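> The structure under discussion is supplied below as structure tokens; questions concerning it will follow.
Number of protein chains: 2
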Amino acid sequence: MAIEIEHKFLLANDDWRQWVSSSVTYKQGYLSSQATSSIRVRISNDKAWLNIKSATIGTQRHEYEYEIPLADANEILDTLCNKPLIEKTRHFVNNNGNTWEIDEFYGDNQGLIVAEIELSATAQVFEKPDWIGAEVTHDRRYYNNNLAVQPYSAWSTD
Amino acid sequence: MAIEIEHKFLLANDDWRQWVSSSVTYKQGYLSSQATSSIRVRISNDKAWLNIKSATIGTQRHEYEYEIPLADANEILDTLCNKPLIEKTRHFVNNNGNTWEIDEFYGDNQGLIVAEIELSATAQVFEKPDWIGAEVTHDRRYYNNNLAVQPYSAWSTD
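Written out as structure tokens, the structure is:
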């Protein structure tokens, strides 16, 4: 079990793209997403994982992750997970000793880009690069489990 | 992935106890139990498993099972699973080439005993011993995920 402390931001502009050190593509879905926990199946680079997260909204939550067979993951995504599935590329950007993970979404969430930073302690200070925009850590709409139910393309534009 | 074909019965009397070949104790809970699937954590003999079942009511459903660390399972049962947890002893009884699994419940489901037989094909014929009572395969109340929400002790006695 690990405790995650995450901060989530929108992007102010595209300047981050020049600093990308690596990228990885994810296809994932949620078996369940309820008051106490969410359960995710994720495929990346022909490997698959089952992930359980406690659903504490905010900066801290518990997480458990187990590798599962790729064939099982494909079946579970197709037959048991909520739709739409989440498809995204995660770009890694190093900035002053911190690693930013920038998720660029496709499919029903096309157009959405979100940057996350994971800290080892709630009090840890970090620098916000100029390309970081508004913080959305506490906005449930940006949680991937919610994007699998109410995707970005379905949000009202008012 | 395996397809399960199960039939579930109440017990007519206690005669089955003389034929028990082995017994095992389970402590389990549900992370989720919804329209499409249920997700169970089970501890038995100091080992733990995460199990995903499609929620088809009736005799057939898909099932996936993965071993997970015992310490994780204890944490997940304590902090993330629905309460009450399910505690039961499963007794195995061989009868005319078939194995019956007889679940004797404790805790909030004390007093409930249910017999299950698992078949390899829907058309497979099986003999019902005299100690087998009414069939409850299609009665959702007897599903373990429902016993974790509406336990036997809370059922109306009318």
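Those protein sequence lines, which keep their order, are chains A and B. For the first sequence, the UniProt record's numbering gives the first residue as 1, with consecutive numbering after it. For the second sequence, the UniProt record's numbering gives the first residue as 1, with consecutive numbering after it. Even for Gly, the Cβ is constructed at its ideal location relative to N, Cα and C. On a predicted model such as this, the values are computed, not experimentally measured, just so you know.
Under the rule that 16 or more other beta-carbon atoms within 10 Å means buried, what is HIS138 (chain B), buried or exposed?
exposed
> Can you give me the start and stop residues for the beta strand (DSSP E) that LEU50 (chain B) sits inside?
47–54
> Report, in whole angstroms, the separation of the C-beta atoms of CYS81 (chain B) and TYR142 (chain B), which I expect to be a contact under 8 angstroms.
Between TYR142 (chain B) and CYS81 (chain B) the Cβ distance is about 19 angstroms, and since that is not below 8 angstroms, they are no contact.
> Measure the Cβ-Cβ separation of LYS8 (chain A) and GLU116 (chain A) and say whether it is below 8 angstroms.
The beta carbons of LYS8 (chain A) and GLU116 (chain A) sit closer together than 8 angstroms.
> Please state whether the Cβ-Cβ distance between PRO84 (chain A) and PRO151 (chain A) is less than 8 angstroms.
yes
> Is SER38 (chain B) helix, strand or coil when you go by DSSP?
strand
> Would a check of beta-carbon distances place GLN34 (chain A) closer than 8 angstroms to chain B?
Residue contact with chain B for GLN34 (chain A): present (Cβ-Cβ distance below 8 angstroms to some residue of chain B).
> To the nearest angstrom, report how far apart GLY107 (chain B) and GLN124 (chain B) are at their CA atoms.
35 angstroms
> Work out the CA separation of ASP72 (chain B) and GLY111 (chain A) for me, nearest whole Å.
37 angstroms
> For VAL93 (chain B), which residues does DSSP report across the bridge?
B:VAL20 and B:TRP100
> Tell me, which residues are paired with VAL125 (chain A) by DSSP?
For VAL125 (chain A), which the question treats as bridged, DSSP gives no partner whatsoever.
> Does TYR66 (chain A) come within less than 8 angstroms of chain B when only Cβ atoms are used?
yes
> CB-CB under 7 angstroms to GLY133 (chain A), same chain, minus the five flanking residues each way: which ones, in chain order?
So the list reads PHE9, LEU10, LEU11 and ALA12, once near-sequence residues are dropped.
> Closer than 7 angstroms by C-beta to ASP15 (chain A): which residues in its own chain qualify, once you throw out the five before and the five after it? Chain order, please.
ASP130 and TRP131
> Comparing alpha-carbon positions, which option in A:TYR66, A:THR99 and A:ALA35 lies nearest SER22 (chain A)?
Closest option to SER22 (chain A), Cα to Cα, is A:THR99.
> Can you give me the C-alpha to C-alpha distance between VAL93 (chain A) and ILE52 (chain A), rounded to a whole angstrom?
26 angstroms
> For a contact defined as C-beta to C-beta under 7 angstroms, what are the partners of LEU31 (chain A) on chain B?
Those are SER32, SER37, ILE39 and ILE52, listed as they occur along chain B.
> Quick one: what does DSSP say ALA148 (chain B) is sitting in, helix, strand or coil?
coil
> Under three-state DSSP, which class holds ALA106 (chain A)?
Here the sequence assigns Tyr to residue 106 (chain A), which means Ala is not the residue at that position. DSSP places TYR106 (chain A) in coil when its eight states are reduced to three.
> Taking GLU127 (chain B) as the reference, give the member of B:ASN145, B:VAL149, B:ASN95 and B:ALA148 with the closest Cα.
B:ASN95
> For the candidate residues B:SER37, B:ASP46 and B:ALA148, whose alpha-carbon lies nearest to that of ASN74 (chain B)?
It is B:ASP46.
> Candidates A:GLU65, A:ILE102 and A:THR79: which alpha carbon is nearest ARG17 (chain A)'s?
A:ILE102
> Name the chain B residues whose beta carbon is nearer than 8 angstroms to that of ILE43 (chain A)?
The contacting residues do not exist; ILE43 (chain A) stays about 15 angstroms from chain B at best.
> Looking only at its chain, what residues have a beta carbon closer than 6 angstroms to the beta carbon of THR89 (chain A), apart from the 5 residues adjacent to it on each side?
SER23, THR25 and GLU104
> Would LEU50 (chain B) and TYR66 (chain B) be called neighbours here (beta carbons separated by less than 8 angstroms)?
yes
> Taking just the CA atoms, how far does ASN144 (chain A) sit from GLU118 (chain A)?
16 angstroms
> Cα-Cα, which of B:PRO69, B:GLY97, B:GLU63 and B:ILE86 is closest to LEU147 (chain B)?
Nearest C-alpha to LEU147 (chain B): B:ILE86.
> Quick one: residues in its chain with C-beta nearer than 8 angstroms to the C-beta of VAL136 (chain B), no 5 flanking neighbours on either side, listed in chain order?
LYS8, PHE9, LEU10, VAL114 and TYR142
> If you reduce the DSSP assignment to three classes, tell me which class LEU112 (chain A) lands in.
In the structure shown, LEU112 (chain A) sits in coil (DSSP, three-state: anything other than H, G, I, E or B).
> Give me the subset of the region 71–104 of chain A whose CB atoms are less than 9 angstroms from a CB atom of chain B, sorted by chain position.
ALA71, ASP72, GLU75, ILE76, THR79, LEU80, CYS81 and ASN82
> What are the boundary residues of the alpha helix (DSSP H) that ALA71 (chain B) is part of?
70–79
> What are the boundary residues of the beta strand (DSSP E) that includes ALA134 (chain A)?
Start and end: 132–135.
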